[in-house]
Structure formats: structure tokens, C-alpha cells
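S.K.:
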Amino acid sequence: MCSILFDAYCGLALAMEGQAYFFYSLYVFKKNTAKIRILPGRRCIFTILKVCQCRNKEENSETGYRKIPYICNMANAEKNLSVETLRGIAILLVVVGHVVGSGPGGGMKIDFPHPLRYLYVWIDYIQMPLFTAIAGWAYALKPFSASSGFGSFVRKKALRLLVPMAAVGTLYFLVQYLMPGTNNKGELSQMWRIYVFPYTIYWYLPSLFLIFVVQWWMDSRKWMDTPGKWAVCCMAALILSRINDVWILHEVPDLFSFKGALGQLPYFFVGVASCRFAVPLYSRPAVRHVMLAVALCGIALIQTVWFYPGKCASLSMLLYPVTLIPALFLLLASKWHNRFFVWIGSYAYSIYLFHGFGTSGGRIILKMMGIDAIVPILLSATFIATIGPVLVDKLLDRSGMLRMLFLGRK
Numbered sequence: 000m001c002s003i004l005f006d007a008y009c010g011l012a013l014a015m016e017g018q019a020y021f022f023y024s025l026y027v028f029k030k031n032t033a034k035i036r037i038l039p040g041r042r043c044i045f046t047i048l049k050v051c052q053c054r055n056k057e058e059n060s061e062t063g064y065r066k067i068p069y070i071c072n073m074a075n076a077e078k079n080l081s082v083e084t085l086r087g088i089a090i091l092l093v094v095v096g097h098v099v100g101s102g103p104g105g106g107m108k109i110d111f112p113h114p115l116r117y118l119y120v121w122i123d124y125i126q127m128p129l130f131t132a133i134a135g136w137a138y139a140l141k142p143f144s145a146s147s148g149f150g151s152f153v154r155k156k157a158l159r160l161l162v163p164m165a166a167v168g169t170l171y172f173l174v175q176y177l178m179p180g181t182n183n184k185g186e187l188s189q190m191w192r193i194y195v196f197p198y199t200i201y202w203y204l205p206s207l208f209l210i211f212v213v214q215w216w217m218d219s220r221k222w223m224d225t226p227g228k229w230a231v232c233c234m235a236a237l238i239l240s241r242i243n244d245v246w247i248l249h250e251v252p253d254l255f256s257f258k259g260a261l262g263q264l265p266y267f268f269v270g271v272a273s274c275r276f277a278v279p280l281y282s283r284p285a286v287r288h289v290m291l292a293v294a295l296c297g298i299a300l301i302q303t304v305w306f307y308p309g310k311c312a313s314l315s316m317l318l319y320p321v322t323l324i325p326a327l328f329l330l331l332a333s334k335w336h337n338r339f340f341v342w343i344g345s346y347a348y349s350i351y352l353f354h355g356f357g358t359s360g361g362r363i364i365l366k367m368m369g370i371d372a373i374v375p376i377l378l379s380a381t382f383i384a385t386i387g388p389v390l391v392d393k394l395l396d397r398s399g400m401l402r403m404l405f406l407g408r409k
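Residue 133 in numbering that gives the first Met the number 0 sits at position 134 of the sequence shown, with consecutive numbering throughout.
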């Protein structure tokens, strides 16, 4: 057997649809050098910082080096599938949460103390932080490079996030305005506000855009290239996330959903760290045990929010990030994957963009048919809001212009 010590950082970029199956072989020379040969796969980045000498004398007589199969344990195909599974679960939670509604006046207009209200407390706890952490993990897969330029980076993210926000947001506003039975109709004279201020479910897109800009800026200054520096940045982001709408900031208009960006920034940093610093984070069992213990405390916070509304609930929600951060680290390190959730995860962005049409439309259609039962409406609206955007994705993908406008893809 060959004994090889690696001091390496591995980055494995996802394929265009978010799924990747990479297989590669590592050839180690007798001297401290290495050669990589990539087998089936589409995009892969793999950086070896140091390879120690192989002590095994067996080698290929023609080439002078021995073939040793090697798979990066934190960025292999299984890891990608597990994250895609989480992505699928996250988007389904978003859909179900919007079908139920964030409050008694929205969605299905379910009031307290219905069990679905209790379900929403759980969904609200994890849905967007998980979504944001996955975005950070995906960002960190590709090592930072300032050579591409800030302008190029911003243009790509604007095409991916802001163009669909404007196109789909406009369409959603008009449909909501014209269709009877929808909630929270706007006035045509105020439509300009949807491009400047947070608008329904689309608040997240400008927030994520700002987060990407902040992350690029911090990486350009190497503020997050070690676990210690990351911890300082994360602590600062954590403080900002708790004061993003209090004191002076409460009086500041939420331009471009910057308050949402501040609220989600720590979770994006968690995703970045789970990819960049996987070895120090996950290699020590004691660290994982502490993470699990703190994460389980989040269950107690959720119960406090539900059973003790008022000041106790406000304090518990203030402490949410403390328990969410270790929970997200553990989720991103999970090995479990499921084909159905992986499939759903590959359409997560399209589902996010268009599920609002299904949550409202499905509910309205069922009520027009005389169906008022809560469970059929919940299941049917969730199905329509999930599968409908998948069909829309396939339809829009046939046109380059429509694909760019509504999906943010070239």
C-alpha cells in the first residue's frame, strides 16, 4: 500500500445543472510532484499544495509513476448530491411555507393555533438560512480569483439574479393585480417600488446579489482565507444581522433589500466556511458534538416562540442564529442524498422564481371548484407550485431571450 500525506485544498465546481459526477486518478512521481488526469466530468478544479514522497516502490515501468485512485472526501460526487438534496428540501420548505402563508392574513389565511401555523414556525426557522448557506457553499467551490475582475463578477450575478427579479417580479405584480382572489394587490402607480424595495417573495434576489458583492470584496482583501479571519467576519455579520432593523436602521428605507442581506449574511458565511475549512471543522468529533448540542437548543427556541408569544418569543428569535449556524454546518456535512430531492434541487431557482404563481393560482382554482378543505388545498397548491415552474423552465429554455430574461441563463 502506498502512504501519501496531503496538505491540500480541494475545490470541485458543480456542473451547470447543479449535479456532478467526477472521477479522477492521481499519479504520484517518486519525487514530490503530481499530475492530475480528469476522467468523466464537466468542470473540476483541484489544487494540490504539497504531495509527499510515495514510499511504495511499485511503479509503472513505462511512465515511472504509480497510479493511485484518490477522491477528495469533502467535495466528491456524494457530497454534491447531498447538498443538492438539501437544496431540494429547502425549496420545498419555501413553497410549503408560502402556501400556508407567513401570517393569518396571507396564503391560506390560517389562524392560530392551527397545526399548520405551528409547522410554519419550524419552516420559517430554517428555510432561507439553509438556502443561503447552500449558495455560500456553491460560491466557495470555485477558488476566488481577482483576475476576472469585479465588473465581470457583478455582471454575471446581475444577469443571474436581478434580471429575473425584474422580469418575473413585473409579471407577478400584473397577474396579482388583474386576477381576482389574490392577496395584497398593489397599485399600478406604485409598481416602480418593486424594483427598488423588497417585493413579496422576490426580496431575496437583491439581498443575495448584495451578499455576493460583499463576499467578493472580502475575498479580494483576503479577509476570509483562514478560519480565524472567517470567525471575526462571521461575528461581525452576526451582530449586523441582529441590528439590521432596530435603532437608527429602523428609520432607514430598505433600499434594494439591504436589510434582508444583513439578516442572511452570516448564513452565507457558514456555507463558505463549510467548503473552505471542511477539515478543521469536521475532522474533530468534539467539535461536531458541540455543534449538535447547540443545534438541538434551537428546538427549545422554536417551542418558546410558539408557546410563549411576546417578549420571550422576541428574545428567542434574536438567538436564532446562535443555534442555526451549527445546525447548518452539520447539514452541509451530511452524506445522505435522495433522488427525488436531488431532482427538485436541480430546478430550485426556477421553482423559487415561479412558485408564487402556483401557490396563489392553485389555491384560487380549488376554491372556485368548491374545495375548501385545508389538506387538499395544501397538497394541491404545493404540487402545482413545484411542478409548474419545472414545466415553465423547460418551456423558457427553448428561447435564448426568454431564458435570459426569466431564468438568468445565457
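Glycine included, each C-beta is placed from N, C-alpha and C at the ideal position.
Please read all numbers here as calculations on a predicted model, not as lab measurements.
Please specify which runs of the beta strand (DSSP E), each continuous and at least 3 residues long, are wholly inside the segment 153 to 230, giving them in chain order.
M.R.: For the segment 153 to 230, not a single whole beta strand (DSSP E) run of length 3 or above is found.
S.K.: Is any beta-carbon of chain C found at less than 8 Å from that of F196?
M.R.: In the structure shown, chain C cannot be found, because there is only a single protein chain.
S.K.: Does the segment 304 to 316 come into contact with the segment 129 to 137, if we say contact requires no fewer than three beta-carbon pairs (one atom in each stretch) closer than 8 Å?
M.R.: No contact exists between the segment 304 to 316 and the segment 129 to 137.
S.K.: Among the residues of its own chain, which have a CB less than 6 Å from the CB of Y201, if the five just before and after it don't count?
M.R.: Here residue 201 refers to the residue found at position 202 when the sequence shown is read from its first residue. M164, G168, listed in sequence order.
S.K.: How should K310 be labelled, buried or exposed, when 16 other C-beta atoms within 10 angstroms of its C-beta is the threshold for buried?
M.R.: Taking the first residue of the sequence shown as position 1, residue 310 is located at position 311. With fewer than 16 Cβ atoms within 10 Å of its Cβ, K310 is classed as exposed.
S.K.: Can the beta-carbon of P320 be found less than 8 Å from the beta-carbon of P265?
M.R.: Numbered from its first residue, the sequence shown carries residue 320 at position 321. Numbered from its first residue, the sequence shown carries residue 265 at position 266. Yes, they are a contact pair.
S.K.: Would you call the segment 237 to 254 in contact with the segment 296 to 311, where contact means no fewer than 3 C-beta pairs closer than 8 Å?
M.R.: No, they do not touch.
S.K.: Taking the alpha carbon of V271 as the point to measure from, which residue in V304, I210, M400, A372 has its own alpha carbon closest?
M.R.: Indexing the sequence shown from 1 puts residue 271 at position 272. When only C-alpha atoms are compared, the closest one is I210.
S.K.: Taking all protein chains shown into account, do 16 or more other C-beta atoms lie within 10 angstroms of the C-beta of R362, making it buried, or fewer, making it exposed?
M.R.: In the sequence shown, the residue the question calls residue 362 occupies position 363. Buried: at least 16 other Cβ atoms inside 10 Å.
S.K.: State the start and end residues of the unbroken alpha helix (DSSP H) segment that holds M400.
M.R.: Taking the sequence shown and counting its residues from 1, one reaches residue 400 at position 401. First-last of the alpha helix (DSSP H) with M400: 399 to 406.
S.K.: Which residue comes first and which comes last in the alpha helix (DSSP H) that contains I242?
M.R.: For the purposes of this step, residue 242 is taken as residue 243 along the sequence shown, with counting starting at 1. Neither: I242 is in no alpha helix (DSSP H) and is coded neither H nor E.
S.K.: What residue range does the alpha helix (DSSP H) around R283 cover?
M.R.: Here residue 283 refers to the residue found at position 284 when the sequence shown is read from its first residue. No alpha helix (DSSP H) contains R283, which DSSP labels as neither H nor E.
S.K.: Would you give the residue range spanned by the alpha helix (DSSP H) that D470 belongs to?
M.R.: Here the chain comprises residues numbered 0 to 409, so residue 470 is not present and cannot be evaluated.
S.K.: Would you decide whether A384 is buried or exposed? Buried here means 16 or more other CB atoms lie within 10 Å of its CB.
M.R.: Taking the sequence shown and counting its residues from 1, the one referred to as residue 384 is at position 385. So A384 ends up on the buried side.
S.K.: Among S81, N79, G96, L80, which one has its Cα closest to the Cα of G357?
M.R.: Along the sequence shown, read from residue 1 onward, the residue named residue 357 stands at position 358. It is G96.
S.K.: Please list the terminal residues of the continuous alpha helix (DSSP H) segment that includes V95.
M.R.: Within the sequence shown, the letter at position 96 stands for residue 95. Taken as a continuous stretch (DSSP letters only), the alpha helix (DSSP H) holding V95 covers 76 to 99.
S.K.: Just checking my contact of W305 with V120 at CB under 8 Å: how many whole Å lie between their CB atoms?
M.R.: Here residue 305 is taken as the residue at index 306 of the sequence shown, counted from 1. Here residue 120 is taken as the residue at index 121 of the sequence shown, counted from 1. Correct: roughly 5 Å between the Cβ atoms.
S.K.: Say whether the segment 269 to 284 touches the segment 225 to 234, bearing in mind that this needs 3 or more beta-carbon pairs closer than 8 Å, one atom from each stretch.
M.R.: Yes, they touch.
S.K.: Would the beta-carbon of I343 fall within 8 Å of that of L91?
M.R.: Here residue 343 corresponds to residue number 344 of the sequence shown, with the count starting at 1. Here residue 91 corresponds to residue number 92 of the sequence shown, with the count starting at 1. Yes. Within cutoff.
S.K.: Would you say the segment 334 to 354 touches the segment 384 to 395, given that touching needs at least three Cβ pairs under 8 Å?
M.R.: Taking 8 Å as the limit for Cβ pairs, the verdict is that the segment 384 to 395 does touch the segment 334 to 354.
S.K.: From L318 to P197, what distance separates their C-alpha atoms?
M.R.: Within the sequence shown, numbered from 1, the residue matching residue 318 stands at position 319. Within the sequence shown, numbered from 1, the residue matching residue 197 stands at position 198. Each residue's Cα considered, the two are about 24 Å apart.
S.K.: Given a cut-off of 8 Å on the beta-carbon distance, is the pair L237 and L291 in contact?
M.R.: As a working mapping, residue 237 is identified with position 238 in the sequence shown. As a working mapping, residue 291 is identified with position 292 in the sequence shown. Not closer than 8 Å, so no.
S.K.: Checking 8 Å against the spacing of the C-beta atoms, do F405 and A166 come in under that value?
M.R.: Locating residue 405 in the sequence shown gives position 406, where the first residue counts as 1. Locating residue 166 in the sequence shown gives position 167, where the first residue counts as 1. Yes, Cβ-Cβ distance for F405 and A166 is below 8 Å.
S.K.: Entirely within the segment 254 to 309 and at least 4 residues each: give me those alpha helix (DSSP H) ranges in chain order.
M.R.: You should have 257 to 275, 277 to 281, 284 to 306.
S.K.: Measure from the alpha carbon of A294 to the alpha carbon of each residue in P142, I125, L187, F130, then state which is nearest.
M.R.: Your numbering for residue 294 matches position 295 in the sequence shown. It is I125.
S.K.: Rounded to whole angstroms, what's the CA-CA distance from S151 to A145? Just pull it up for me.
M.R.: As a working note, residue 151 is residue 152 in the sequence shown. As a working note, residue 145 is residue 146 in the sequence shown. So the two alpha carbons sit approximately 10 Å from each other.
S.K.: Are the CB atoms of L261 and N243 nearer to each other than 8 Å?
M.R.: As a position in the sequence shown, residue 261 is number 262, starting the count at 1. As a position in the sequence shown, residue 243 is number 244, starting the count at 1. Cβ atoms of L261 and N243: closer than 8 Å.
S.K.: So the candidates are Q214, F340, P205; which of them puts its Cα closest to the Cα of P142?
M.R.: Within the sequence shown, numbered from 1, the residue matching residue 142 stands at position 143. For P142, the nearest C-alpha among the options comes from Q214.
S.K.: Compare the beta carbon distance of F208 and L160 with 8 Å and say whether it is the shorter of the two.
M.R.: In the sequence shown, residue 208 corresponds to position 209, counting from 1. In the sequence shown, residue 160 corresponds to position 161, counting from 1. Closer than 8 Å, so yes.
S.K.: Roughly how many angstroms lie between the CA atoms of W191 and H288, to the nearest whole one?
M.R.: The residue labelled residue 191 in the question sits at position 192 within the sequence shown. The residue labelled residue 288 in the question sits at position 289 within the sequence shown. The alpha-carbon atoms of W191 and H288 are separated by roughly 49 Å.
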